[in-house]
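Under the numbering used here, the very last position in the sequence shown is 198; numbers go up by exactly one each time.
For every residue, glycine included, the Cβ atom is placed at its ideal position computed from N, Cα and C.
Report on the following structure.
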Amino acid sequence: MKALTEWFKDKKKIIVVVLLIILLIAAVFLFFGGESNASVLGDAMKSDTELRLTALLESMDGIDSVEVMVTEDEGVVTGVVVVCDGADRIMIRNDILNAVSTALNINKNIIAIYSM
């Protein structure tokens, strides 16, 4: 302990240690902080796209209790899952497919629709 006290008597060494600690903390937040916060928020809350798509589908005739999940990779929609009451009817399923495809400007082959 005495050796450590002696080593810290030099002010330049204290400044170097403080700067190294600050850099270490900044590096940890830069590499780990932003990514984990984004994924925690993304998991906890529905995206704006999911909320808007849910509202759109619930406003259509014959569709009730809608759940929507949109998966994205770097901002590009890679898949959509819609689960709702009424999807057991082929006409409703077709309407959902067309609405989701048009609203998100995506191919119909990445949309999955299931009945509750």
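The distance from the Cβ of I195 to that of I178 is about 5 Å, consistent with a contact at the 8 Å cut-off. The shortest CA-to-CA distance from V165 to any of N176, S147, F113, R171 is the one to S147. Short of 7 Å from the beta carbon of V182, and not among the five residues preceding or following it, lie these beta carbons of its own chain, in chain order: L135, V162, V164, I193.
Note: M151 is bridge-paired with V163 in the DSSP secondary-structure output. Around the CB of L139, 16 or more other CB atoms lie within 10 Å, so the residue is classed as buried.
Straight through space, the alpha carbons of V110 and I172 are spaced by roughly 52 Å. Straight through space, the alpha carbons of G168 and D130 are spaced by roughly 24 Å.
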